[in-house]
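First to last, the protein sequences are chains A and B. Residue numbers for the first sequence follow the working numbering, beginning at 37 and rising by one. Residue numbers for the second sequence follow the working numbering, beginning at 874 and rising by one. Built from N, CA and C at the ideal position, the CB exists for glycine as well. Since this is a predicted model, take the numbers as computed values, not measurements. Let me begin by presenting the structure, written as structure tokens, before commenting on it.
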Amino acid sequence: MLELRDVSVRYGDTTAVDRVSLDLPTGEVLAVLGPSGCGKSTLLRAVAGLEPLAEGRVLADGADVTSTPTHRRGFALMFQDGQLFPHLSVARNVAYALRLQRVPRDLRSARVSELLELVGLAGHAERLPATLSGGERQRVALARALAVEPRLLLLDEPLSALDATLRERLAADLRGILTRAGTTALLVTHDHEEAFALADRLAVMRAGRVVQSGRIDEVWRAPVDEATALFLGYARVLRGDAAATVLAAGGLPAAAALAVRRSAFVADDAGRVPATVRSARVTPEQVRLVVDADGVGDLDAVAPLGSLVAAGERVSLRVDVTRVAALPADNRA
Amino acid sequence: MRRTAGLLALAAGPVLVLGVLFVLPVTGMVAQGFWADGRFDPRGVLDVLGRPRVHRVAWFTLWSSAVATTASVLLGMPAAYALHRLALPGRRAVRAALLVPFVLPTVVVGVAFRQLLGEGGPLGGLGLDGTPVAIIAGLVFFNVAVVVRAVGAAWESLDPRPGEAAAALGASPWQVLRTVTLPALRPAVVGAASIVFLFCATAFGIVLTLGGVRYATVETEIYLLTTTIYDLRAAAALSVLQILVVVGLLALAARLRFAADPTASRVTTAPRRVRRSDWPAVALTVLLLVALAAPVLNLVVGSLRVDGGWSTGNYRALGGTGDGSGGGGALLVPVTTALLTSLRTAVDATWMALLMGLAVALIVTRRSHTPGERRVRSVLDGFFMLPLGVSAVTLGFGFLITLDQPPLDLRDSALLVPMAQALVALPLVVRTLVPVLAGIDDRQRQAAASLGAPPWRAVLTVDLPVVWRPVLAASGFAFAASLGEFGATSFLARDDNPTVPVVIFRLIGHPGEMNYGMALAASVVLAATTAAVVLAVERLRVPSVGAF
Chain A
37 MLELRDVSVR YGDTTAVDRV SLDLPTGEVL AVLGPSGCGK STLLRAVAGL
87 EPLAEGRVLA DGADVTSTPT HRRGFALMFQ DGQLFPHLSV ARNVAYALRL
137 QRVPRDLRSA RVSELLELVG LAGHAERLPA TLSGGERQRV ALARALAVEP
187 RLLLLDEPLS ALDATLRERL AADLRGILTR AGTTALLVTH DHEEAFALAD
237 RLAVMRAGRV VQSGRIDEVW RAPVDEATAL FLGYARVLRG DAAATVLAAG
287 GLPAAAALAV RRSAFVADDA GRVPATVRSA RVTPEQVRLV VDADGVGDLD
337 AVAPLGSLVA AGERVSLRVD VTRVAALPAD NRA
Chain B
874 MRRTAGLLAL AAGPVLVLGV LFVLPVTGMV AQGFWADGRF DPRGVLDVLG
924 RPRVHRVAWF TLWSSAVATT ASVLLGMPAA YALHRLALPG RRAVRAALLV
974 PFVLPTVVVG VAFRQLLGEG GPLGGLGLDG TPVAIIAGLV FFNVAVVVRA
1024 VGAAWESLDP RPGEAAAALG ASPWQVLRTV TLPALRPAVV GAASIVFLFC
1074 ATAFGIVLTL GGVRYATVET EIYLLTTTIY DLRAAAALSV LQILVVVGLL
1124 ALAARLRFAA DPTASRVTTA PRRVRRSDWP AVALTVLLLV ALAAPVLNLV
1174 VGSLRVDGGW STGNYRALGG TGDGSGGGGA LLVPVTTALL TSLRTAVDAT
1224 WMALLMGLAV ALIVTRRSHT PGERRVRSVL DGFFMLPLGV SAVTLGFGFL
1274 ITLDQPPLDL RDSALLVPMA QALVALPLVV RTLVPVLAGI DDRQRQAAAS
1324 LGAPPWRAVL TVDLPVVWRP VLAASGFAFA ASLGEFGATS FLARDDNPTV
1374 PVVIFRLIGH PGEMNYGMAL AASVVLAATT AAVVLAVERL RVPSVGAF
């Protein structure tokens, strides 16, 4: 559906987006993940036609849309804070694009109710945006963007303006809505949780470039370098002897560096890495430990709930091999 | 590239208009000073600048403006606090009424002060008529509202928590004011003060009516030089001096305003109940209001007195031409005709100023996509603000000497006066509209575009609902400004087709009790009209109106 070919965006001397190429098949959701200032929002705006390209091409359904103005691209853009039109009711906001297309009134109102139903705001049609909560506004923005069945939905950090509980709930809803509507979507975010909650594919961006892209589980299992691993939520990266010790304990082939998640080490009598507990903290899910592992150094680890471990005790750690990722040697970031 | 070209196309209209109606007259005026017998010769200008009278005029302009500015700030601060932070009953109405002195025609205010301070006036015993004190009082009368509004808006949107934190640390209300509040208000105060100074230094009608020939400022001196002794070179020299000083001041004011725009954030704090410590501020505010109301009320009373008794005779006389020395009237047309001329002129000036102002505001507020576009935009921005930097008298005089030859012979055009007034009102319109347009999140337009709205449709959806009230308010403001405009009009209005301010000035210049009574009545009518327009505008509650 969407193809980016060597897309660059420059502001004066700074290159915000540097020769990015991406493919997004129809019906899939691609998340562009990167720290703030990496150029991901600029990339999204370039796809929307809001930033002129310095070079490269944007293709939609095989046709070059590089110089097509925003309003003729048929890509709906949903902003971080919704950007509802404040003087229009919820229903009028959702119907906005339908009115532009001169959809007859009865069809239009049917479609609006259907969409409000879809986003769970059926009773709110006549409210004004200012009377809605942040989450509700985001849902209206989504309904408004979906109204004309855009061939591509562009989402700019759709959940980051919301608080944690709301974010989790809306993420699940959003995913469901996108799947049901069969929408192709491009989403940019700095939050890997948001990306995992919504996307099928992932592109990691840093300093204007895409450093890694692929199916979400592929990227997740094999981060291309240390910075990517850390950005994807790995807690630490081990090198040299420390990495070798852990790899050996997990029965894995040797590698130069190893990214480990917080829960990669489990306190277990059958474990093969001895360690001294530095601190222990009980959380609702598990007991979180910070340990000093022999020959490895400081590590995060977990123990099952109910285990009585205290600072200064000796424990053994088992390596959960699904929660570590070997990194290629030459990609030290 | 295409965007920059589009921008230039959009800007072409206003640029052309401003080029012909502003740059041409002003350069024509300036050239008068520097060219003698077809040759460039700056000696004449230097010669003029060396004259003792010019020194005296320049010095008087500076010190009277400085004193008036200081007084405006000192008197305006307590009122800004009381009217914008305290829950005083009727504060909205008072705030609206405060806008009236600012838009009152300058000639009217001059007449009102003469009526108050002159022989036989309630304060005649003070012997202030025709003194610098009277001029300064008149300037303060005009400009104190600017301070109250600008500082009040800043005070209103000031976060109260730092002050509360200071109080919790043991600071008394006075210490809070001195250590927390005033420093936070400083940008607004300095910004307001520099604008007030600018208004004072270029004030025309008020100084001319109260100071006459004895106390001239640069602005009135230019007028006197051109109309009474026809020393165009000296007038041009003074214009150049004034343009340089004013543009410098404006640049300074723009920088200071940039520090904190009181209209940018409208997070307002709810007004709080009056405490004991607020009493001095409230008392000073009441005093200020009385002082502002006195000349106006006295003017109304005076207009209703004929030969020591109450009468509407002065108003009835407006249908005539006054009392001339040689048997005919003091005027060529009845005052009522002048009133119609004024209204018609103001309507024309309003739509012109509005069209120009809207185009300019749209141009300067759109987001730039490329550095080239940004440069073009900032050049245009500065260009469009130029009329603020040039005095109305210079502009009027420039019109007179440059737009009098084909293909631009506008001397007899009915549009000459409205065009000059529109240029004078233009900065007012732009200042009202720019904060509103700049306050619209550009992403709203982008959201509309991404939903399939073409650019014009995006403007209808996003800009129009937000901007129609400010447009209406700006029109009212431009209308009021045009009704009272005197500086440029005094040059351009023909004797057989004058506006009301011109007529009033002529009437007070003619001897005769009837003429003076008619001037008072005409002043009241004009003042009532502008006040009605401005109070209607104030009802629209547009925060950027009157924020300079």
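When rounded, the separation of the alpha-carbon atoms in Val903 of chain B and Pro915 of chain B is 11 Å. The C-beta distance from Ala1219 of chain B to Leu1408 of chain B rounds to 16 Å, too long to fall under 8 Å, and the pair is not in contact.
The three-state reading of DSSP puts Thr104 of chain A in coil, since its state is none of H, G, I, E or B. Shown here for Phe1378 of chain B: same chain residues with a beta carbon closer than 6 Å to its own, the five before and five after excluded, namely Val980 in chain order. Taking a beta-carbon distance threshold of 8 Å, Leu214 of chain A does not count as an interface residue toward chain B. In the three-state scheme derived from DSSP, where H, G and I count as helix and E and B as strand, Gly333 of chain A is classed as strand. If you look at Val896 of chain B, you'll find it isn't in any beta strand (DSSP E); DSSP assigns it neither H nor E. Distance from the CA of Thr1185 of chain B to the CA of Arg1367 of chain B, rounded to the nearest whole angstrom, comes to 29 Å. Ala231 of chain A and Ala362 of chain A have their C-alpha atoms roughly 22 Å apart.
Among the residues of chain B, those whose CB is under 9 Å from the CB of Arg180 of chain A are Ala1320 and Leu1324, following chain order. Around the C-beta of Thr201 of chain A, fewer than 16 other C-beta atoms lie within 10 Å, and the residue is accordingly described as exposed.
Per DSSP, the continuous beta strand (DSSP E) segment holding Gln248 of chain A begins and ends at Arg245 to Arg251.
Excluding the 5 residues flanking it on each side, Leu178 of chain A has same chain C-beta neighbours closer than 8 Å at Met114, Val155, Pro194, Leu210 and Ile213, in chain order.
At least one C-beta of chain B is nearer than 8 Å to the C-beta of His107 of chain A. Around the C-beta of Trp1028 of chain B, 16 or more other C-beta atoms lie within 10 Å, and the residue is accordingly described as buried. For the pair of segments examined, the region 273-289 of chain A was found not to touch the region 319-326 of chain A: the number of CB pairs separated by less than 8 Å stays below three. In the structure shown, Leu198 of chain A adopts coil according to DSSP, grouped into three states. Residues of the region 1011-1031 of chain B whose Cβ lies closer than 7 Å to any Cβ of chain A: none. Neighbourhood of Val184 of chain A in chain B, by CB distance below 8 Å: Leu1324 and Gly1325, in chain order.
Between the alpha carbons of Thr1372 of chain B and Ala1076 of chain B lies a gap of roughly 19 Å.
Each residue's CA atom was taken as its position, placing Ser1251 of chain B and Val1237 of chain B some 7 Å apart. Taking 8 Å as the cut-off, the Cβ atoms of Ala1293 of chain B and Leu1268 of chain B count as close. Here Thr1090 of chain B is near Phe933 of chain B, since their CB atoms are less than 8 Å apart. About 5 Å separates the beta carbon of Ser1264 of chain B from that of Glu1092 of chain B, a gap short enough to meet the 8 Å contact definition. Gln248 of chain A and Leu40 of chain A have their alpha carbons spaced roughly 15 Å apart. Per DSSP, the continuous alpha helix (DSSP H) segment holding Ser945 of chain B begins and ends at Pro925 to Arg958. Contact residues of the region 118-146 of chain A toward chain B are Gly118, Gln119, Leu120, Phe121, Pro122, His123, Leu124, Tyr132, Ala133, Leu136 and Gln137 (C-beta to C-beta distance below 9 Å). Here the alpha carbon of Arg308 of chain A sits roughly 49 Å from the alpha carbon of Val43 of chain A. Taking 8 Å as the CB threshold, Val1335 of chain B lines the interface with chain A. For a cut-off of 8 Å, the C-beta gap from Arg926 of chain B to Leu1083 of chain B is around 19 Å, too long to register as a contact. Among the CB atoms of chain B, one or more fall inside 8 Å of the CB of Phe115 of chain A. Nearest C-alpha to Leu1259 of chain B among B:Ala1401, B:Val1119, B:Val1169 and B:Phe1072: B:Val1119. Going by C-alpha positions, Glu64 of chain A is about 8 Å away from Arg237 of chain A. Around the CB of Ile1102 of chain B, fewer than 16 other CB atoms lie within 10 Å, so the residue is classed as exposed. Gln1317 of chain B belongs to the set of residues whose beta carbon lies under 8 Å from a beta carbon in chain A.
If you ignore the 5 residues before and after Glu162 of chain A, its C-beta comes within less than 8 Å of the C-beta of Ser125, Val126 and Ala127, all in its own chain and listed in chain order.
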